[in-house]
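Numbering (my numbering), first residue to last: 293 to 613.
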DNA sequence: GCCCTATGTTAAA
DNA sequence: TTAACCTAGGGCT
């Protein structure tokens, strides 16, 4: 699935193309027909993200909550105001980036016929957005939305597309102040170091940190030289703080770039003449989906195993127990 | 066509 | 800890 950086990009994109617009809301597939009817004709006030959760606030006092899960994706199209609006969600092949439409402007004649299983379609005067394959898609109240966000761990990307930028939500703003700045780092350290659970599992726990997924889990543990099996309780507060700072750093890059790149330039492959090769996609990761390949730092093979039913990639040499 | 995979979560056992 | 759920694409037969 799109990890947290993709959802923050989505919130920003909804804000850019739909905020203030009255929307026709439908469910071409039919599975969200009743929910769509409750939103149809309402105006979008703001879009915001917390971790992998996307919230769309409407002027009729309702909120559309979407979680993309493993397969979900949004696609967009429209007139010149939708220029740069990209498809964001599950990639259709490994290494695919979120795509940008940089082509010449085309006359906008309204949304196309729905293709495939479109759960939700939003249409304004200027363009449309289609949602396919989400794991969650429901209409809730603002209080319920705040409850969902409040249960999650701190979001390293808070501020990237925060409600403080996007709109006014007093409950959410209150929660933000509790999680602001160093407070969020401290909250992460507290939650990470509270349990004996392996740090590799804790990073995937959205109640410890909201927005990290399998790629950022593997890559940030590698970058910090941490064994995935180290119990949270045995991670020093100092190391937990450095881990948080690294997560903030690489996920911030992900929001900017629209793809996950965690390698430092000195660790990327070169051609036989020593010239740099393209960063994307083959030079983007240290360990994710590189099992059996030589570690970029030590040269020993990258390992793969299962942890809590998810693939875990790591370097046994650089991340010793 | 069929089988597998994927940046995920939840509920049941 | 396992199964179920959601969708589309790629590799295979």
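We put the CB at the ideal spot given by N, CA and C, even for glycine. In this text the structure is predicted, and so the values were computed from the model without any measurement.
Cβ-Cβ distance between residue 543 and residue 492 below 8 Å: no
Residue 499 and residue 546 closer than 8 Å at C-beta: no
Identified DSSP bridge partners for residue 605: 596
Length-filtered (4 minimum) alpha helix (DSSP H) runs lying within the region 482-523: 491-494, 506-515
Contact the region 409-424 vs the region 348-368: 3+ CB pairs below 8 Å: yes
Close beta carbons around residue 562, own chain, < 8 Å, minus the five adjacent residues each side: If we look at residue 562 and ignore the five residues flanking it on each side, its Cβ neighbours are 568, 569.
Bridge-paired residues (DSSP) for residue 350: The secondary-structure analysis by DSSP pairs residue 350 across a beta bridge with 336.
Beta-bridge pairing of residue 422 - partner residues as DSSP gives them: 367, 413
Residue 600 to residue 552 span [Cα, whole Å]: 23 Å
Close Cβ partners of residue 343 (< 6 Å) along its chain, the five nearest in sequence each way excluded: 296, 444, 447, 498, 502, 503
Simplified DSSP assignment, three categories, for residue 444: coil
DSSP bridge partner residues for residue 381 (one or two, in chain order): For residue 381, which the question treats as bridged, DSSP gives the partners 365.
The region 579-595 touching the region 330-340, judged by at least three CB pairs closer than 8 Å: no
Cutoff 7 Å; reference residue 514; Cβ partners in own chain excluding five residues on either side: 578, 579, 606, 607, 610, 611
Start and end residues, alpha helix (DSSP H) containing residue 537: Residue 537: member of the alpha helix (DSSP H) spanning 529-549, first to last residue.
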